[in-house]
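The sequence shown begins at 42 in my numbering and counts up one residue at a time.
In what follows, a single structure is set out as structure tokens and then discussed.
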Amino acid sequence: MIIVEGSNKRNRDLVTEAANFCAKELFPRYRAYTIYIELAKKEEFMGNDVGYCYQGEDDRDIYIEINMDKLKGNIDELLDTVCHEMIHVKQTLKKEIRDFMRPSYHKKWLCKDGKYRQYENLPYHKLPWEVEAYKNSGKLLAKFKREFYGYEGKA
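This is the structure we're talking about:
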């Protein structure tokens, strides 16, 4: 189930459509989850961050927050952000990434050897979960536009 709150009806409907598309593309066999997407104006976002994705107390509850102020009404950026954050949802559901709260909040990535590792010393753009999300969000967005709007270009 995907629940979208905030912003206006047009944006909520568009984000719901895009998020459902991404879910079917990225994790079609997963059914028992709830994704809460909040489209909000938030000042507490760090730097240039537009979106956050994090796990709730239950492994199947996932939260996405998108800062509408930073998007300035750009629908392509909104959809690209949804695709990017939905890749993080896939990583969370498939346990490729895990959120840990103790001793302090941090993320760990599932490596090929089956062990989770923390990548605290890497710059943001080199974090393995971000590399995957940036690499694939444009492709996912282009496919969404092709299927829903007949768009034939690249994202």
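Backbone N, C-alpha and C fix where the C-beta goes; we use that ideal spot for every residue, glycine too.
- For A81, the enclosing beta strand (DSSP E) has its first and last residue at T75 to A81.
- At the C-beta level, E137 and I105 stay beyond 8 angstroms of one another.
- With fewer than 16 neighbouring CB atoms inside 10 Å of its own CB, V172 falls in the exposed class.
- Distance between F62 and P164, taken at the CA atoms: about 30 angstroms.
- H147 has F141 as its beta-bridge partners, per DSSP.
- Contact check for L151 against Y160 fails: the beta carbons are separated by 8 angstroms or more.
- The residues T75, in chain order, have a CB closer than 6 angstroms to that of M42 in the same chain once the five nearest residues on each side in sequence are set aside.
- Under the criterion of beta carbons closer than 8 angstroms, I103 and V130 qualify as touching, at roughly 5 angstroms.
- Rounded to whole angstroms, R53 and V45 show a C-alpha spacing of 6 angstroms.
- For V45, the three-state secondary structure derived from DSSP is strand.
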